[in-house]
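Working notes, beginning with the structure itself.
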Amino acid sequence: MASSTMAMLKQDMKDFDIEQGPVFLRMIAFLSGAGSLGCAVYKMVHLNKAMSHPVMYILWGYIGVFALTTMLFEAKTTWIEKIPGLNKYQDMLIKHANFMTLMGGR
Numbered sequence: 010m011a012s013s014t015m016a017m018l019k020q021d022m023k024d025f026d027i028e029q030g031p032v033f034l035r036m037i038a039f040l041s042g043a044g045s046l047g048c049a050v051y052k053m054v055h056l057n058k059a060m061s062h063p064v065m066y067i068l069w070g071y072i073g074v075f076a077l078t079t080m081l082f083e084a085k086t087t088w089i090e091k092i093p094g095l096n097k098y099q100d101m102l103i104k105h106a107n108f109m110t111l112m113g114g115r
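In case it helps, this note's numbering puts the sequence shown at residues 10 to 115.
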């Protein structure tokens, strides 16, 4: 019973479609996410600042996660399917934050 429910849930997740806009806008959004992720990593490299400004360090961590999420939804689905961890993260976001699948939600 549980395995059939799980199989149905996985099929529902695969049938769920992510709205994607024109290629140019997707590229701009993906590059913006990559830039934000790069800035977050750059700011987090200096571990001595984590001791002097822990709140800012946490903030940059959140910005990095949100930038990665932006890149995840704007990338081609075939790229995401190749990496198992990202695929699971995207499936979790689709399940719990389905507004992210709409262009207006991002």
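Glycine included, C-beta positions come from ideal geometry on N, C-alpha and C.
Exercise. Where do the N-terminal and C-terminal ends of the alpha helix (DSSP H) with P31 fall, by residue?
Worked result: Taking the first residue of the sequence shown as position 1, residue 31 is located at position 22. Segment: none, P31 is in no alpha helix (DSSP H) and carries neither H nor E.
Exercise. For the candidate residues Y66, T78, M60, K104, whose alpha-carbon lies nearest to that of Y51?
Worked result: Taking the first residue of the sequence shown as position 1, residue 51 is located at position 42. Residue Y66 is the option with its Cα nearest to Y51.
Problem set entry | Limits of the unbroken alpha helix (DSSP H) element including A106 | Against the sequence shown, residue 106 aligns to sequence position 97. A106 -> no alpha helix (DSSP H), and no H or E assigned at all.
Exercise. Are there 16 or more other CB atoms within 10 angstroms of the CB of T87, so buried, or fewer, so exposed?
Worked result: In the sequence shown, residue 87 corresponds to position 78, counting from 1. Answer is exposed; the Cβ neighbour count stays below 16.
Problem set entry | Inter-residue Cα distance where the pair is K85 and A49 | As a position in the sequence shown, residue 85 is number 76, starting the count at 1. As a position in the sequence shown, residue 49 is number 40, starting the count at 1. So the two alpha carbons sit approximately 23 angstroms from each other.
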